[in-house]
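Heads up: the protein sequence lines correspond to chains X and U, in order. Note that the numbering used here numbers the first sequence so that position 114 is 170, with each residue one more than the last. Note that the numbering used here numbers the second sequence so that position 102 is 158, with each residue one more than the last.
2 protein chains.
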Amino acid sequence: MADDQDSEQRPPISRELLKWISREYFDMNGSSYHVLDRPPTPLEFARLVHLSRPVVIKGVECPALTKWTDDYLVQMMGDQSISVAVTPNGRADAVTRAPDGKLYFAEPFIDSMTLRDLFEKLRSGDTNVYYLQSQNGNVYSQDFFSDGEDASEFASLRADVPPEVDFVRDALDRTPDAVNLWIGGSDSVTSIHSDSYENMYTVVRGTKHFTLLPPSEGWCLQERLYPHAVYTRELDLLPSHEASPVRWSSVSDPDLPDALPPEAHPIQITLTAGDTLYLPVGWWHFVRQSGDVTIALNWWYDAELEGVNWVWLNMLRGDHVL
Amino acid sequence: MADDQDSEQRPPISRELLKWISREYFDMNGSSYHVLDRPPTPLEFARLVHLSRPVVIKGVECPALTKWTDDYLVQMMGDQSISVAVTPNGRADAVTRAPDGKLYFAEPFIDSMTLRDLFEKLRSGDTNVYYLQSQNGNVYSQDFFSDGEDASEFASLRADVPPEVDFVRDALDRTPDAVNLWIGGSDSVTSIHSDSYENMYTVVRGTKHFTLLPPSEGWCLQERLYPHAVYTRELDLLPSHEASPVRWSSVSDPDLPDALPPEAHPIQITLTAGDTLYLPVGWWHFVRQSGDVTIALNWWYDAELEGVNWVWLNMLRGDHVL
């Protein structure tokens, strides 16, 4: 998810300068967020993208919001096989201690099952944790937007998911890079990370809890290089000796007391069904969910590489701190 | 013009990091600029403000463009007194060597005259250099926009100058902070500096030559603290012992060979009558003009303080470089 554009290694930056940058940013921006009662116009949204601050938007239209009961979804999906992440602890793509006592960046086992199976597992209290989070454009992929067609495990649900968010398309003058469906239960957590996309995130059912930090406070997250590992079908964590180490936050739960230094100003946002979060490029996010079955959709748009913001993010993402 | 918002002194930044920032910015943005054949829509302009890159815009409507002959202006202004900057060399608000051998930041003598007088001086080849550049909102000031009225030496010309640029108002959702009239000849030069405003700059008559550098290349301009001085009526340069020193670029003409280091990527833009330049906040600009009488108007809009760009500019403007 963290993206590496080709760019020259950033020279060292002092912790003192990083702290100054995050203080200046906080002084000018605070830690509040806007809630819009209705979708913005394209012009209003263009202004919000310029500010690059999180915004909760009510009333974004999506047929899934009213149609997606369990019965409807199971009927529409039938025997279609879907890819589901499985872990023993609900922490896919997260720093995890293996039986050898070492910490790894752990990728989930990816199992194939029907949506009917997934719902059963989510409701049955299976000891393993299942999360549909394939996030590869599982509803509409880049190929859909460039070539007009692609393979999707969720093709039968597409009529309920607009490929584009109209006001975002008009504001950014671009189509999404990927549209994803997320289905999971309260045991699934997304570890804190940032993406190189502008993100529109709509909760369809259930409740999602986001903890956000601005890009300027990334230094609070103690990123380190962790060796890579993958869960086997038996959910043993198997080090992947050929994969490169992964740079990831050492903070496994930013909501715990003292997990973050006093200089961090986390923003807590809870979304319920029908709420859409505009999560700007480069913002750090930790995501929990509550309820048996939480369903969400997200639209990822490529970030603007021209202008100041991309260089700003690259500077803050660099790993060499004095 | 350079603005000091209250903010804590920035810790030292290394020259190596500044060079990396300016290389990254150049790699992502190049040194080209867009030319629009017609004014943008508010949405298009909001996108341009987000990029914060200079843009030349054709066809911005302004009655002054067709009405402002010498005869018309002299007739409309009559005996109204106007404030004109006078220097022996055309360099108002510039680093200048005084007879004592030292370098000063020199402010012009401000003389009062009629517009008729100014035109005569500009056309007569007077050895002194006259430039109407009062830039205090001489056409419409902040009071005009907040209270609906203000004093202006150019009140009689207001019918020819729209107080707002429509697409800018709609894009930024704000009124200008100041609208200024500029009248000068080919001997007047504006030394390189940056402003804390978004600037719309329209040439009404004559030709203006801009040399621009992005905020990321400010370190190429060798800013130093210079003691302050003011020209007397006799155009002697008088040190002002009570004024604070002024931080200003040591590069007196960035267009000279070797005036800038090889890491700088200046953008040269020439505007003729009817052209408007969108000059984004924080961009460095050096301005020359050609022709007997060059007339221009500009609309200054307060910069957005929320978001990333203001912190970015503050970081780059800080003076402590290791």
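Cβ coordinates follow ideal geometry from the N, Cα and C atoms, glycine included. Only a predicted model underlies this, so the values are computations on that prediction, with no experimental measurement involved.
Outcome for residue i when other beta-carbon atoms lying within 10 angstroms are tallied against a minimum of 16
i, result
"Tyr282 (chain U)", "buried"
"Asn354 (chain X)", "buried"
"Pro110 (chain U)", "buried"
"Asp331 (chain U)", "buried"
"Ser168 (chain U)", "exposed"
"Lys158 (chain X)", "exposed"
"His90 (chain U)", "exposed"
"His341 (chain X)", "buried"
"Asn192 (chain U)", "exposed"
"Met57 (chain U)", "No answer about Met57 (chain U) holds up, because its pLDDT of 38 lies below 50 and its placement is not dependable."
"Gly86 (chain X)", "exposed"
"Gln345 (chain U)", "buried"
"Pro322 (chain X)", "buried"
"Arg153 (chain U)", "exposed"
"Tyr187 (chain U)", "buried"
"Thr125 (chain U)", "exposed"
Inter-residue spacing [alpha-carbon to alpha-carbon] between residue i and residue j
i, j, result
"Leu361 (chain X)", "Leu378 (chain X)", "27 Å"
"Asp216 (chain U)", "Ile69 (chain X)", "52 Å"
"Asp311 (chain X)", "Ser244 (chain X)", "15 Å"
"Val364 (chain U)", "Leu107 (chain X)", "7 Å"
"Arg71 (chain X)", "Glu64 (chain U)", "16 Å"
"Arg380 (chain U)", "Gln189 (chain U)", "As shown, chain U starts at 57 and ends at 378. That puts residue 380 (chain U) outside it, with no answer to give."
"Ser252 (chain U)", "Trp366 (chain U)", "9 Å"
"Thr258 (chain U)", "Pro96 (chain U)", "15 Å"
"Asp59 (chain X)", "Gly374 (chain U)", "No answer about Asp59 (chain X) holds up, because its pLDDT of 44 lies below 50 and its placement is not dependable."
"Lys75 (chain X)", "Leu333 (chain X)", "27 Å"
"Ser305 (chain U)", "Trp339 (chain U)", "13 Å"
"Ser250 (chain U)", "Asp358 (chain U)", "14 Å"
"Gln61 (chain U)", "Tyr160 (chain X)", "For Gln61 (chain U), the predicted structure reports a pLDDT of 47, less than 50, and the residue's modelled location is therefore unreliable. The matter cannot be settled from this model."
"Ala329 (chain X)", "Thr350 (chain X)", "9 Å"
"Tyr287 (chain U)", "Asp229 (chain U)", "40 Å"
"Asn236 (chain X)", "Asp149 (chain U)", "56 Å"
"Glu163 (chain U)", "Lys264 (chain X)", "59 Å"
"Thr183 (chain X)", "Pro313 (chain X)", "27 Å"
"Leu291 (chain U)", "Asp83 (chain U)", "46 Å"
"Leu213 (chain X)", "Met256 (chain U)", "49 Å"
"Ser197 (chain X)", "Ala211 (chain X)", "11 Å"
"Leu277 (chain U)", "Ile248 (chain U)", "8 Å"
"Leu104 (chain U)", "Leu99 (chain X)", "12 Å"
"Pro155 (chain U)", "Leu293 (chain U)", "8 Å"
"Leu92 (chain U)", "Leu121 (chain U)", "18 Å"
"Pro219 (chain X)", "Ala207 (chain X)", "14 Å"
"Val224 (chain U)", "Phe165 (chain X)", "52 Å"
"Arg303 (chain X)", "Glu279 (chain X)", "6 Å"
"Asn194 (chain X)", "Ser180 (chain X)", "25 Å"
"Leu335 (chain X)", "Arg147 (chain X)", "21 Å"
"Thr267 (chain U)", "Val343 (chain U)", "6 Å"
"Gln297 (chain U)", "Trp275 (chain U)", "According to the sequence provided, residue 297 (chain U) is His. The question's Gln does not apply to it. The alpha-carbon atoms of His297 (chain U) and Trp275 (chain U) are separated by roughly 28 Å."
"Lys177 (chain X)", "Arg79 (chain U)", "52 Å"
"Val450 (chain U)", "Gln131 (chain U)", "Limits of chain U in this structure are 57 at one end and 378 at the other, which puts residue 450 (chain U) out of reach."
"Val307 (chain X)", "Met371 (chain U)", "28 Å"
DSSP bridge partner residues for residue i (one or two, in chain order)
i, result
"Pro295 (chain U)", "U:Ala285"
"Ile390 (chain U)", "The structure shown does not extend to residue 390 (chain U), since chain U is modelled only from 57 through 378, so no value can be given for it."
"Lys114 (chain X)", "X:Asp331"
"Ser139 (chain X)", "X:Ser168"
"Phe161 (chain U)", "U:Val151 and U:His284"
"Leu9 (chain X)", "As displayed, chain X neither begins before 57 nor continues past 378, which places residue 9 (chain X) out of reach and without an answer."
"Trp37 (chain U)", "For chain U, the structure presents residues 57 to 378; residue 37 (chain U) sits outside this window and is missing."
"Leu92 (chain X)", "X:Ile113"
"Tyr253 (chain X)", "X:Asp358"
"Ser305 (chain X)", "X:Glu279"
"Ser346 (chain X)", "X:Thr263"
"Ile17 (chain X)", "Residue coverage of chain X in this structure runs from 57 to 378, which leaves residue 17 (chain X) outside it and unanswerable."
"Thr246 (chain U)", "U:Ala148 and U:Val343"
- Message: Along the region 154-181 of chain X, where does the CB come closer than 9 Å to a CB of chain U? Name the residues.
- Response: none
- Chain-ordered residues of the region 199-226 of chain U with a beta carbon less than 8 Å from chain X: Asp226
- Task: Pull out every residue of the region 346-376 of chain X whose Cβ sits closer than 8 Å to any Cβ of chain U, in chain order.
- Result: Under the 8 Å Cβ criterion, the region 346-376 of chain X contributes Glu360, Leu361, Glu362, Gly363, Val364, Asn365, Trp366, Val367, Trp368, Asn370 and Met371.
- Any chance you could list the beta strand (DSSP E) runs of at least 3 consecutive residues sitting entirely within the region 176-227 of chain U, in chain order? Taken in chain order, the whole beta strand (DSSP E) runs of length 3 or more contained in the region 176-227 of chain U are 185-188.
- Which residues, in order along the region 103-128 of chain X, keep a beta-carbon less than 9 Å from a beta-carbon of chain U? Arg103, Val105, His106, Leu107, Ser108 and Arg109
- Message: Along the region 310-334 of chain U, where does the CB come closer than 9 Å to a CB of chain X? Name the residues.
- Response: none
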